[in-house]
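Numbering (this note's numbering), first residue to last: 12 to 262.
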């Protein structure tokens with residue numbers, strides 16, 4: 012599929028938005044580094060850390076700084092379609108580098124609530140990635156993965172690297188499918204990473220993801236930990252880790 016055959020591109024919608032709201036192009040321009048989150052709590056936490064200023068035309072879009080670097084922060088609804096729409100629009104407004112931050116379910120008995128996961132490849136079980144090319148070999152930016160791993164070691168934050176299973180259907184995650192993916196090196200399940208990396212590959216962006224275990228699916232029963240202090244503390248540590256990476260050298 013050629014780009015010339017696409018009916019609506021992000022630039023088209025953003026031009027419509029500017030005209031509808033009476034905005035100048037300069038008012039909607041974003042810094043080149045973007046952080047993408049999927050919960051209001053994470054948005055508020057990062058917003059405080061970066062001392063952000065919310066864009067008047069989007070209450071879930073903030074611009075601030077990590078060290079000397081200006082960054083964009085956006086909250087997307089969960090799921091691959093919404094995440095890729097947000098990413099496409101941020102890229103059209105100037106973002107070229109993305110770090111996504113969210114929660115995941117653990118597929119391994121020894122990967123527990125609050126643990127930090129650094130995905131290194133993804134199995135696509137969602138419907139968005141295939142619109143951006145082949146869904147095999149979906150991977151994050153290798154330089155960003157190294158930078159996160161190095162920063163985690165400096166902060167003495169244990170991280171688990173491995174594959175992630177990106178799915179649309181939360182209530183159709185089977186034990187059989189999970190066991191098969193674990194045999195192929197997958198450690199966690201979530202809803203956005205593969206699609207974000209597919210867009211990144213197609214648009215020539217640089218993207219990586221960092222996840223914190225919110226619930227456990229690797230035992231006999233599902234164990235939820237969305238309000239567990241370990242999950243909340245894990246997210247706090249992981250947020251600071253991402254800020255270290257952004258304020259340092261993204262290589």
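We put the beta carbon where it would ideally sit given N, CA and C, even for glycine.
- Residue state for residue 137 is assigned as coil, using DSSP reduced to three classes.
- Counting only runs of 4 or more residues that sit fully inside the segment 53-110, the alpha helix (DSSP H) segments are 91-103, in chain order.
- Selection 62, 81, 131, 244 evaluated against residue 218 yields 131 as nearest (Cα-Cα).
- A distance of 8 Å or more separates the beta carbons of residue 257 and residue 96.
- DSSP places residue 119 in the coil class of the three-state scheme, outside both helix and strand.
- Annotation: residue 30 is outside any beta strand (DSSP E); the continuous alpha helix (DSSP H) that includes it extends over 21-32.
- The segment 206-223 makes contact with the segment 138-152, as at least three CB pairs between them are under 8 Å.
- Bounds of the beta strand (DSSP E) holding residue 221 are 217-227.
- Excluding five sequence positions before and after residue 64, the CB atoms of its chain that fall closer than 8 Å to its own CB belong to 73, 74, 75, given in chain order.
- Annotation: residue 146 is outside any beta strand (DSSP E) and is labelled neither H nor E by DSSP.
- A distance of 8 Å or more separates the beta carbons of residue 221 and residue 104.
- Around residue 143, the same chain offers 209, 210, 213 as residues with beta carbons nearer than 6 Å, after the five sequence neighbours per side are excluded.
- Between residue 229 and residue 119, the beta carbon gap of about 5 Å places them in contact (Cβ cut-off 8 Å).
- By a beta-carbon distance limit of 8 Å, residue 122 contacts residue 171. Their separation comes to about 6 Å.
- In this chain, residue 174 is not harboured by any alpha helix (DSSP H); it is covered by the beta strand (DSSP E) spanning 170-178.
- Each of 44, 255, 24, 140 was checked against the Cα of residue 160, and the nearest Cα belongs to 255.
- By the C-beta density criterion, residue 133 is buried, having at least 16 other C-beta atoms within 10 angstroms.
- Taking C-beta separations shorter than 8 Å and ignoring five residues to either side along the sequence, the partners of residue 116 in its chain run 184, 199, 200, 201, 224, 225, 226, 227, 228, following chain order.
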